[in-house]
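Worksheet: one structure, shown below.
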Amino acid sequence: MCELGYVTTPTVVVNAKDEPAVIDYARKSANPTVGINFQQTLRKTKPAPAVALYTSTGPSKSYPGLLKSDIMAPGSLVLAAWSPKVASVQIGLIVNLRSDYNLISGTSMACPHASGVAKLLKGAHPGWSANAIRSALMDTANPLDTTRNPILDDGDSFNSASPLAMGTGHVDPNRALEPGLIYDATSQEYVNLLCSTNFTRKQSYPSLDHAPMIVPNHLPI
1 MCELGYVTTP TVVVNAKDEP AVIDYARKSA NPTVGINFQQ TLRKTKPAPA
51 VALYTSTGPS KSYPGLLKSD IMAPGSLVLA AWSPKVASVQ IGLIVNLRSD
101 YNLISGTSMA CPHASGVAKL LKGAHPGWSA NAIRSALMDT ANPLDTTRNP
151 ILDDGDSFNS ASPLAMGTGH VDPNRALEPG LIYDATSQEY VNLLCSTNFT
201 RKQSYPSLDH APMIVPNHLP I
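Position 7 of the sequence shown, counting from 1, maps to 7 under the UniProt record's numbering, and the rest follow consecutively.
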């Protein structure tokens, strides 16, 4: 954190007091350089993982009988490729810095991890449906952290995370390859579930007076 803004990538920020000296050095030096020395790298942190403070929790708002979330995956300060056309760091109101990489947190990072594992499972088991893959991921997820204790919830005073926060646990790609047992579901079963809610047209489409009847021919994970 700096006085001018929040910087999430390795950055050198020069304050107004040092600015003249830095500019003078840059102008007069034949080969001006700047470096960053990292003081410490933390590995094998315990306990980890934990449910992030900003995690959305279940149950499903549209149907409380669904115990969302399904699963958790790495999503906090993940270093990944970033479009250089989009600013990765903003300092103040007018300074935008660009980079080929960025540290991002949230579902935007956790979803690619889970989706990538799902793609690998599809390659190993071509005959599996999307629901079979989801079942394999959920049935083999790890509910324990690196201390072999229940995963903690940062947003709940570091108490043990409930299934409504972490789903069945942290994704485990290796175990998901051979889950032993999976539960599949067809599109018709989802249609039956939707019909059982007895939603009216107005509840389903509150902004439309004459909503179309839509029956999906496929359902995502």
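Note that beta-carbon positions come from the ideal geometry of N, C-alpha and C, so glycine has one too.
In this text the structure is predicted, and so the values were computed from the model without any measurement.
Distance between Leu137 and Ile71, taken at the CA atoms: about 8 Å. Here the C-alpha atom of Asn142 lies approximately 33 Å from the C-alpha atom of Asp100.
Residue pairing by DSSP places His113 opposite no residue, since no beta bridge is assigned to it. Rounded to the nearest angstrom, the Cβ distance from Leu97 to Ala87 is 6 Å, consistent with a contact under 8 Å. For Gln90, the enclosing beta strand (DSSP E) covers residues Val89 to Ile91. Counting other Cβ atoms within 10 Å of its Cβ, Ile94 stays below 16 and is therefore classed as exposed. By alpha-carbon distance to Val117, the top candidate from Gly106, Ser105 and Thr140 is Thr140.
Using a Cβ-Cβ distance cut-off of 8 Å, the region 152 to 160 and the region 31 to 43 are not in contact, since fewer than three pairs of beta carbons, one from each stretch, lie closer than that value. Contact between the region 67 to 84 and the region 154 to 170 is present: 3 or more CB-CB pairs across the two stretches fall below 8 Å. Under the three-pair Cβ rule at 8 Å, the region 178 to 194 counts as touching the region 117 to 134.
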